[in-house]
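Line by line, the protein sequences give chains H and U. According to my numbering, the first sequence is numbered sequentially starting from 1. According to my numbering, the second sequence is numbered sequentially starting from 423. Just so it is clear, CB atoms sit at the ideal spot from N, CA and C, and this is done for glycine as well. For reference, the structure is listed below as structure tokens.
There are 2 protein chains.
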Amino acid sequence: TRRRLFRRIHGLVVAFLIKLWTFFIKAWNIGVNDPRKFIHCLKVGTALSLVSLFYYMRTLYQGVGGNAMWAVMTVVVVFEYSIGATLYKCVNRATGTLLAGSLGFGVHWIAIQCGENIQPIILEISVFLLAAAATFSRFIPTVKARFDYGAMVFILTFCLVSISGYRVDQLFGMAHHRLLTVALGASICIITSMLVCPIWAGQELHTLINRNLEKLSESLDGCVTDFFADKDVINVSNGYPNKMNQAYKCVLNSKGSEESMANFARWEPAHGDFKFRHPWKQYLKVGAAIRSCAYCIETLNGCINSDIRAPETLKKHLKDMCVKLSSYSSNVIKELAIIMKTMTKSPSIHISIGQMNVAVHELQDALKNVPNQVVVQILQASNDGMKGETTNTRPLLEILPLATVASLLVELAARIEVIVKE
Amino acid sequence: TRRRLFRRIHGLVVAFLIKLWTFFIKAWNIGVNDPRKFIHCLKVGTALSLVSLFYYMRTLYQGVGGNAMWAVMTVVVVFEYSIGATLYKCVNRATGTLLAGSLGFGVHWIAIQCGENIQPIILEISVFLLAAAATFSRFIPTVKARFDYGAMVFILTFCLVSISGYRVDQLFGMAHHRLLTVALGASICIITSMLVCPIWAGQELHTLINRNLEKLSESLDGCVTDFFADKDVINVSNGYPNKMNQAYKCVLNSKGSEESMANFARWEPAHGDFKFRHPWKQYLKVGAAIRSCAYCIETLNGCINSDIRAPETLKKHLKDMCVKLSSYSSNVIKELAIIMKTMTKSPSIHISIGQMNVAVHELQDALKNVPNQVVVQILQASNDGMKGETTNTRPLLEILPLATVASLLVELAARIEVIVKE
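The following block contains the structure:
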């Protein structure tokens, strides 16, 4: 029995180790795919080591005293992945602390004037009211977007100042020291995040929108090619084209990250090709347009995977036009991506749009000509045929709104260029 | 000039006051629309007042000492809107603090054994390594979902313990006091959030999914009715039906909130009709299915708003079938909503699904019969007619995948019921 027990424990340990190992492999791959994540971790470590130096150096420690704790806390809480997020938190923390600190002093002064008996009551009531008000302000969308963290810091600081004022005598000196250490921690954060491999939220947003555009054109191409490909070919190369088609899926749910990035980007100073007050809101609009294109592709993809298949004759008739239209459309999207990347106006985009519009008209004409050529044939094999026609007109139907959305995208992009150029 | 200056200042002040007033009105309406937000604010105020009592009562203060600050901090940081979120933060804070505290003591002990000169170096290196590792763990999706806050608390506590251990002698006593106060703050949070008007994340998720189902059926009805309505009628009643049609828009982007709610719901104990370990993941699946339906409606809506109009003859021919199908589909969705609400299996859902499938077949048959009746007529007015047919087959094309998705939804819902029933 002893051996059995040993074996069992051994098995459990091995299973656990294997699980741990696969987890590590996964984690490692996350870092390898985006080495900036590793660098970010090292940056956090460096900033914390710098701050903790204040404890070890005797001369530094005497300057700051036991309040050095607040510098450590600030670094841990404020340091974020992108510079915009770090700046947002720093600014929020600073304003929240200052506002709450001065208010706290004011309330404290009033409470002292009222005598010792009423003092705690006044402090209690003020804490209750201001905490409730600040909490409520976090529900307001505009405040939440810009000052959510600030409101929290406000509540925290106000409570600490007004409450500890009741027990601590040297309130002013303490507050002064704390502000100093918080500022110290915040400046260490900003310096390390800006100097070592800076990650700008604006740049990230720019890249994200760009990549989404590329994914969109890829999926569009892939979908239409799939639809018109022979069935056997699809089955053989099942893995690859499907992967291409799924690229749009992450476009569908990118709204949240786009919004938060645009939010952080607003706090960033000029960097790279972006000026301060770069029109980040335009990126959100372009993102929305891209998403509506992705919805169209989603539906189109659903049609491709449906059971009903078009008859080959009709497919062949429309194949050229559809492929042409989709390739022109994806061309437009690709050129949009290039325009976005370089932030310059290119004249060739108008040519591409013209080509796309011509292709739309050609496809419409081709559809008009379908019945004259094929309808008789269809009526003979009416059961199968009509089903076929319904299926076959789909790509056009899906591509039409897609084309309109694409032209909408073009408009938006043009608007951005105008603003960028200014 | 003095008068002019006075007027100008007066104007500015008035404009500012008006802006402030409209902002207040807006904020007030947010609260009026969802009174639980007001209640939440009052809860936060109450919890903070309770905690600050520890400063004012002399007997209580002597028990806790200056560490009462940590209780205040815990309440401010941990108190969240839903119970799930509060519990998530409490558990994370507790485990993070304990883990980091014990590790910090361990490192501290090792550092002391190594002698005074090497001590700060060892502490520095351990801070650097552990901070980097914990920061990296926040990038791993599974860790981020469940222990993001815990990782942050871990870094913070570890730094504080290992660093201040270098200067503070009575480290153990301090840690003991701090843990006590943190536990005190956390328990005050949990008690107030659970006793006064509890807001369960699970319940919220349940309601959200339910409301999304209802919105979906509304928009589906609205869209199809709009499409087949006379143009004049649409123009007259422009405001109302469009509002109905837009209901699905908020379904499109609900993924983020659904996921965070499901995440918080996992931490909640049994409440109401939900047991502990309720299958919250199923809700996410249902949510995804609802969203794919919403994508279809988005495309359908795009078709309705396009410029190309179907000829009236064809419209009339297909109107009945399309309206029938869509009303049956939305019926199924509505019944699904009822099933979700009551969490019981109802036999009538199968009847509704049957009706829907029959309607699908009828519509297909109707489409097959179109050419025999109308094609001749169309060929005479070929230009207009064929364009018309393309437009007119749209609703079917859009509804077909929608119907499949709806039946998929039904499957999912059935699965949920099975799990709920267990």
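Check your understanding: So with Cβ pairs under 8 Å, would you call G810(U) a contact of chain H?
Key -> Note that G810(U) scores a pLDDT of 37, beneath 50, so its modelled location is shaky; the value from the coordinates is reported in the next line. Closer than 8 Å: no.
**Study point:** C-beta neighbour in chain H for Q802(U), strict 8 Å
**Key:** The pLDDT assigned to Q802(U) is 37, lower than 50, so where the model puts this residue is not dependable, and the model offers no usable value.
Practice item. Just list the alpha helix (DSSP H) runs in the segment 611 to 655 of chain U, keeping only unbroken ones of 4 residues or longer that don't cross its boundaries, in chain order. Key: 623 to 650
Practice item. For the alpha helix (DSSP H) containing W531(U), list its first residue and its last residue. Key: I505 to Q535
Practice item. Please list, in chain order, all residues of the same chain as S162(H) whose beta carbon is under 7 Å from its beta carbon, the five residues on each side excluded. Key: G104, V107, H108, L123, S126 and V127
Check your understanding: In whole angstroms, what is the alpha-carbon distance linking C581(U) and L552(U)?
Key -> 9 Å
Review point. Name the chain U residues that come within less than 9 Å of M73(H), Cβ to Cβ?
Key: L578, C581 and L582
Review point. Any idea what DSSP makes of H700(U), helix, strand or coil?
Key: coil
Exercise for review: Could you name the residues of the segment 96 to 121 of chain H whose beta carbon sits closer than 8 Å to any beta carbon of chain U, in the order they occur along the chain?
Suggested key: P120
Review point. Smallest Cα separation from W450(U): which of L50(H), F136(H) and R36(H)?
Key: F136(H)
Review point. Per DSSP, H693(U) is paired with what?
Key: F696(U)
Review point. Quick one: is R560(U) buried, meaning 16 or more other Cβ sit within 10 Å of its Cβ, or exposed?
Key: buried
Check your understanding: Who are the neighbours of F423(H) on chain U, taking C-beta pairs under 9 Å?
Key -> What is shown of chain H runs 1 to 422, which leaves residue 423(H) out entirely.
**Study point:** Candidates E690(U), A597(U) and L520(U), of which the one nearest S504(U) by Cα
**Key:** E690(U)
Practice item. Using a Cβ-Cβ cut-off of 8 Å, state whether M683(U) counts as contacting chain H. Key: no
Check your understanding: Taking all protein chains shown into account, do 16 or more other C-beta atoms lie within 10 angstroms of the C-beta of V466(U), making it buried, or fewer, making it exposed?
Key -> buried
Point to revise | Endpoints, alpha helix (DSSP H) assigned at E680(U) | key: K677 to A687
Practice item. Starting from the Cα of N675(U), find the closest Cα among C645(U), C715(U) and F594(U) and give me that residue. Key: C715(U)
Check your understanding: When DSSP labels each residue in this structure, what does M479(U) get in the three-state scheme?
Key -> coil
Review point. Applying the criterion that 16 or more other CB atoms from any shown protein chain within 10 Å of the CB defines a buried residue, is K637(U) buried or exposed?
Key: buried
Exercise for review: Determine the burial state of H628(U): buried for a count of at least 16 other Cβ atoms within 10 Å of its Cβ, exposed for fewer.
Suggested key: buried
Check your understanding: So A27(H) is in the alpha helix (DSSP H); what residue range does that whole segment cover?
Key -> R2 to N33
Check your understanding: Are the segment 594 to 614 of chain U and the segment 496 to 515 of chain U touching, with three or more C-beta to C-beta distances below 8 Å?
Key -> yes
Review point. Using the rule of at least 16 other Cβ atoms within 10 Å of the residue's Cβ for burial, across every protein chain shown, is A554(U) buried or exposed?
Key: buried
Practice item. Could you spell out the range, first to last residue, of the alpha helix (DSSP H) harbouring Y149(H)? Key: P141 to S164
Check your understanding: For chain H, is any of its Cβ atoms less than 8 Å away from the one on I431(U)?
Key -> no
Point to revise | Check whether I712(U) and V673(U) have beta carbons under 8 Å apart | key: yes
Practice item. Report back the beta-carbon spacing between L521(U) and F446(U) to the nearest angstrom; my notes put them in contact at under 8 Å. Key: Actually they do not touch by this definition, with Cβ atoms about 45 Å apart.
Point to revise | W70(H) vs V182(H) beta-carbon contact at 8 Å | key: yes
Check your understanding: Apart from the five residues just before and just after Y240(H), which ones in its own chain have a Cβ nearer than 6 Å to its Cβ?
Key -> Caution applies to Y240(H), whose pLDDT of 47 falls short of 50 and renders its modelled position unreliable; the value that the coordinates give is listed next. Within the same chain, Y240(H) has no close Cβ partners at all.
Practice item. Could you tell me whether the Cβ of S508(U) comes closer than 8 Å to any Cβ of chain H? Key: Checking the displayed sequence, the identity of residue 508(U) turns out to be Thr instead of Ser. No, because no Cβ of chain H sits closer than 8 Å to the Cβ of T508(U).
Check your understanding: A507(U) and F696(U) look like a contact to me (Cβ under 8 Å); what is the Cβ gap, rounded to whole Å?
Key -> Not quite, the Cβ-Cβ distance comes to about 16 Å (not below 8 Å), so this is no contact.
Exercise for review: Would you mind telling me which residues of chain A sit closer than 7 Å to A131(H), beta carbon to beta carbon, in chain order?
Suggested key: Included in the structure are the protein chains H and U, with no chain A among them.
**Study point:** Secondary structure of R36(H), DSSP reduced to three states
**Key:** helix
Check your understanding: Considering only residues of the same chain and omitting the five flanking positions on each side of R2(H), which have a CB-CB separation below 8 Å?
Key -> none
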